[in-house]
Amino acid sequence: MIDFARVQKELQECSRDIESSGIKVSPKSDSLARLTGTIPGPIGTPYEGGTFQIDITLPVMGKFEWELKDGYPFEPPKMQFATKVWHPNISSQSGAICLDILKDQWSPALTLKTALLSVQALLSAPEPDDPQDAVVAQQYLRDYQTFVGTARYWTETFAKPSSLGVEEKVSKLVEMGFPEVLVRSTLESAGGDENLALEKLCSG
Amino acid sequence: MATPLLQLLSSSPFPRTGFRGPFGFGGARVLCKFFAHGACFKGEHCEFSHDWKDPPNNICTYYQKGVCSYGSRCRYEHVKPSRTESTASSSSTIPSRTVSKSVTTVPAVPHELSALSRPFILPSKPVWSLESGKYDPLEDSDVIEPRNVKPADRSICAFAAAGSCPRGDKCPHIHGDLCPSCGKHCLHPFRPEESEEHLKTCEKKQKQLELLKYSQEIECSVCLDRVLSKPSAAERKFGLMSECDHPFCISCIRNWRSSSPTSGMDLNTSLRACPICRKLSYFVIPSVIWYSSQEEKQEIVENYKAKLRSIDCKHFDFGNGNCPFGTSCFYKHAYRDGRLEEVVLRHLGAEDGHTAVRFSRKIANKMKCACDLFQSRCEILLFQTQTPVVVRIACWIDTQSWEAERQAWCFVVSCML
Chain A
1 MIDFARVQKE
11 LQECSRDIES
21 SGIKVSPKSD
31 SLARLTGTIP
41 GPIGTPYEGG
51 TFQIDITLPV
61 MGKFEWELKD
71 GYPFEPPKMQ
81 FATKVWHPNI
91 SSQSGAICLD
101 ILKDQWSPAL
111 TLKTALLSVQ
121 ALLSAPEPDD
131 PQDAVVAQQY
141 LRDYQTFVGT
151 ARYWTETFAK
161 PSSLGVEEKV
171 SKLVEMGFPE
181 VLVRSTLESA
191 GGDENLALEK
201 LCSG
Chain B
1 MATPLLQLLS
11 SSPFPRTGFR
21 GPFGFGGARV
31 LCKFFAHGAC
41 FKGEHCEFSH
51 DWKDPPNNIC
61 TYYQKGVCSY
71 GSRCRYEHVK
81 PSRTESTASS
91 SSTIPSRTVS
101 KSVTTVPAVP
111 HELSALSRPF
121 ILPSKPVWSL
131 ESGKYDPLED
141 SDVIEPRNVK
151 PADRSICAFA
161 AAGSCPRGDK
171 CPHIHGDLCP
181 SCGKHCLHPF
191 RPEESEEHLK
201 TCEKKQKQLE
211 LLKYSQEIEC
221 SVCLDRVLSK
231 PSAAERKFGL
241 MSECDHPFCI
251 SCIRNWRSSS
261 PTSGMDLNTS
271 LRACPICRKL
281 SYFVIPSVIW
291 YSSQEEKQEI
301 VENYKAKLRS
311 IDCKHFDFGN
321 GNCPFGTSCF
331 YKHAYRDGRL
341 EEVVLRHLGA
351 EDGHTAVRFS
361 RKIANKMKCA
371 CDLFQSRCEI
381 LLFQTQTPVV
391 VRIACWIDTQ
401 SWEAERQAWC
411 FVVSCML
């Protein structure tokens with residue numbers, strides 16, 4: 001079983017020093033077993049300025065009943081990038097993270113916050129020799145400049161929902177030929193995501 | 001003034017079987033209750049024993065008289081007065097009665113019977129029952145302590161010990177010195193041994209209290225709770241790691257160590273390691289208190305091991321079973337006739353730099369499987385001769401140093417776990 005008392009404490013602790021760490025953890029629904037973590041892209045990397053969302057699922061028990069495993073914190077939390085990111089150790093398709101502390105090096109003394117900090121550290125220190133996404137890793141090793149460019153572009157596109165002002169987005173979409181009122185309401189429902197709004201507008 | 005009380009005492013409707021007096025069965029003295037709590041003002045004049053070896057009287061007198069309002073929650077033993085006991089105690093009751101009679105017939109006695117010049121003749125009667133009835137220490141200020149009594153024999157003032165004595169300098173009793181630990185004026189200035197003992201016990205208690213206070217603040221980094229604030233008593237225990245000093249709840253750390261490893265998780269590098277510093281510990285010891293120094297830790301560990309050594313191992317089962325921990329087991333491995341299990345021959349063939357260990361067949365097989373993984377450092381040769389299989393560990397380490405041997409042993413232990 002998940003130790004919910006501990007999860008509760010971790011959330012409180014995390015919200016207390018949100019200013020200094022910039023790391024946010026919040027429950028997705030009423031259940032504390034599914035959470036969303038938010039980490040800022042580390043400064044001095046192509047991910048700078050981006051805000052990355054990570055889906056966290058706390059394991060309840062082992063795969064089989066006979067395993068009799070205890071859930072979190074005796075099992076590592078399952079983490080996956082919800083925001084698309086271009087990184088050798090993170091799948092560009094699924095967002096799966098290749099990090100030892102989320103697998104065999106997990107320790108119950110680690111918390112969601114420390115795990116997210118490790119993920120943040122992974123962003124600034126990629127390990128191309130132990131890749132999750134082979135394409136990205138190959139690009140990182142062979143053509144570093146292109147890698148940096150792609151990573152920065154992905155950050156700009158996917159990790160910055162409010163990179164442009166609302167007015168700019170509206171005028172951009174209006175230029176494409178959509179009525180302004182519809183553009184505004186669609187943008188709002190899409191949470192300010194320009195691409196999502198465009199998709200919605202196109203699909204009618 | 002004293003007569004009605006004494007008469008009441010001697011003609012009490014209850015047979016005075018519950019109160020056993022300072023002498024228990026067979027003339028053995030009963031431990032003084034006040035001495036046991038650290039402060040008996042009567043010192044060596046006390047009728048009760050001040051020797052820790054003597055047994056305390058734990059029998060509830062109220063129950064013996066018929067009713068104890070505490071019922072099953074009473075801290076004293078509820079024993080029905082038996083015939084043998086009443087005859088045994090009657091021997092101590094009779095002389096006290098004859099004394100009471102002599103007191104009632106001599107009218108001049110009450111003054112001399114005060115606590116100060118107490119003629120030590122009432123061995124079975126509590127002195128305070130006499131005193132309180134006929135003598136109020138505050139009213140009767142003309143009583144003077146006889147000067148011929150040595151200062152060491154004079155008792156110390158209970159009022160001063162408790163805080164302040166209303167009689168101040170006029171008090172016939174000795175005002176004790178201040179005990180720095182408990183803050184009471186209860187050290188007899190002329191009885192150095194007694195004060196020293198009080199100081200010692202007081203200091204020990206104080207230290208324990210401080211340690212407990214310190215322990216109460218400690219959090220377990222697995223459940224993030226204070227260990228000593230857990231809901232159930234069984235959980236309010238620390239788990240001491242043998243190799244490092246990070247505190248955990250015993251339940252949390254045991255849970256972690258016993259959880260089955262997920263794919264790729266290594267037993268020794270992750271599960272048996274400290275969750276904080278990842279240092280490998282071979283055992284965890286429960287303790288109700290945390291330690292502040294290595295000596296204290298050692299003491300806790302030794303006490304725990306000593307306790308387990310006195311309990312028979314259920315796996316060993318007096319030689320009928322196989323204990324998976326072998327000779328490293330903390331529990332007692334003894335046969336039915338009291339003979340202890342043979343000690344392992346650690347240096348069987350030590351001249352060639354090898355260490356040989358005796359294990360059960362089950363463990364030996366387990367080790368044989370494990371040694372394939374460990375080929376680079378050790379090689380294990382199995383000689384399946386008789387039932388304890390002799391396992392030879394050949395260390396591929398050049399020097400037969402203690403460190404090399406320790407590593408070999410660590411490996412052996414890890415195979416057994």
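Residue numbers (UniProt numbering), protein chains in the order written: chain A, 1 to 204; chain B, 1 to 417. Here a beta-carbon is modelled for each residue, glycine too, at the ideal position from N, C-alpha and C.
Residue-chain proximity (residue i, chain B), Cβ-Cβ < 9 Å
i          : result
Pro-73(A)  : yes
Gln-80(A)  : no
Glu-127(A) : no
Ser-163(A) : Because Ser-163(A) sits at a pLDDT of 49, beneath the cut-off of 50, its placement in the model cannot be relied upon, and the point is left open.
Arg-16(A)  : no
Arg-142(A) : no
Ala-5(A)   : yes
Lys-9(A)   : yes
Asp-130(A) : no
Asp-70(A)  : yes
Residue i to residue j span [Cα, whole Å]
i          : j          : result
Ala-356(B) : Pro-324(B) : A caution first: Ala-356(B) carries a pLDDT of 46, below 50, which makes its placement in the model too unreliable to give a value.
Val-109(A) : Cys-244(B) : Looking at the sequence itself, residue 109(A) is Ala, so the reference to Val does not match. Going from the Cα of Ala-109(A) to the Cα of Cys-244(B) covers about 15 Å.
Lys-205(B) : Ser-229(B) : 22 Å
Cys-274(B) : Asp-153(B) : 59 Å
Gly-95(A)  : Gly-321(B) : 53 Å
Arg-226(B) : Lys-279(B) : 23 Å
Tyr-331(B) : Glu-299(B) : 18 Å
Glu-203(B) : Cys-249(B) : 28 Å
Ala-197(A) : Leu-187(A) : 5 Å
Leu-345(B) : Arg-309(B) : Because the pLDDT at Leu-345(B) is just 40, under 50, the model does not fix this residue reliably, and the point stays unresolved.
Gly-44(A)  : Tyr-140(A) : 17 Å
Leu-182(A) : Ser-189(A) : 11 Å
Ala-162(B) : Leu-112(A) : 55 Å
Phe-81(A)  : Tyr-291(B) : 43 Å
Met-241(B) : Pro-40(A)  : 37 Å
Thr-114(A) : Ser-215(B) : 26 Å
Glu-156(A) : Thr-150(A) : 10 Å
Val-390(B) : Leu-209(B) : At Val-390(B) the pLDDT is 39, less than 50, meaning the model places this residue with poor confidence and gives no usable figure here.
His-246(B) : Cys-220(B) : 9 Å
CB contact below 9 Å: residue i versus chain A
i          : result
Cys-244(B) : no
Arg-236(B) : no
Arg-226(B) : no
Arg-278(B) : yes
Asp-352(B) : With a pLDDT of 44 at Asp-352(B), under the threshold of 50, the modelled position of that residue is not reliable, and the figure given next carries that caveat. No, Asp-352(B) does not count as interfacial toward chain A.
Ser-221(B) : yes
Ser-259(B) : yes
Ser-215(B) : no
Ala-273(B) : yes
Cys-68(B)  : no
Extent of the continuous beta strand (DSSP E) to which residue i belongs
i          : result
Lys-78(A)  : 78 to 81
Ile-18(A)  : Looking at the DSSP string, Ile-18(A) is not in any beta strand (DSSP E); the run it does join, the alpha helix (DSSP H), is 18 to 21.
Leu-198(A) : Where Leu-198(A) is concerned, there is no enclosing beta strand (DSSP E), although the alpha helix (DSSP H) it sits in stretches over 194 to 203.
Phe-238(B) : 238 to 241
Lys-28(A)  : That residue, Lys-28(A), is in no beta strand (DSSP E); it is neither H nor E in DSSP.
Val-287(B) : The residue asked about is misnamed: residue 287(B) is Ser in this sequence, not Val. Note, Ser-287(B): beta strand (DSSP E), 284 to 287.
Thr-45(A)  : That residue, Thr-45(A), is in no beta strand (DSSP E); it is neither H nor E in DSSP.
Pro-40(A)  : 34 to 40
Bounding residues of the alpha helix (DSSP H) (the contiguous stretch that carries residue i)
i          : result
Ile-253(B) : 250 to 258
Leu-212(B) : 192 to 216
Gly-149(A) : 144 to 158
Gln-294(B) : 294 to 309
Arg-184(A) : 180 to 189
Ser-118(A) : 112 to 124
Leu-173(A) : 166 to 175
Thr-61(B)  : 61 to 65
Lys-33(B)  : 33 to 36
Phe-159(B) : 158 to 162
Contact test: residue i Cβ vs the ligand NAD heavy atom, cutoff 8 Å
i          : result
Lys-169(A) : Ligands are entirely absent from the displayed structure, and the ligand NAD is therefore not among its contents.
Below-9 Å beta-carbon distance, residue i vs any chain D residue
i          : result
His-315(B) : You won't find chain D in this structure, because its protein chains are A and B.
* Would you say the segment 14 to 21 of chain A touches the segment 41 to 50 of chain A, given that touching needs at least three Cβ pairs under 8 Å? -> They do not touch, by the three-pair rule.
* Asked: Touch check for the segment 180 to 199 of chain B and the segment 36 to 53 of chain B: three-plus C-beta pairs under 8 Å?
  -> By the Cβ test, the segment 180 to 199 of chain B is in contact with the segment 36 to 53 of chain B, since at least three Cβ pairs between them sit closer than 8 Å.
* Asked: Closer than 7 Å, Cβ to any Cβ of chain B: which residues of the segment 80 to 111 of chain A, in chain order?
  -> For the segment 80 to 111 of chain A, which is checked against every Cβ of chain B, the residues closer than 7 Å are Lys-103, Asp-104, Gln-105, Ser-107, Pro-108 and Ala-109.
* Asked: What are the residues of the segment 283 to 301 of chain B that lie near chain A, defined by any Cβ-Cβ distance shorter than 9 Å?
  -> Of all residues in the segment 283 to 301 of chain B, none comes within less than 9 Å of chain A when Cβ atoms are compared.
* To do: Output, in sequence order along the chain, the residues in the UniProt domain "C3H1-type" (26 to 53) of chain B whose CB is closer than 8 Å to any CB in chain A.
  => Look at the UniProt domain "C3H1-type" (26 to 53) of chain B: it has no residue with a C-beta under 8 Å from a C-beta of chain A.
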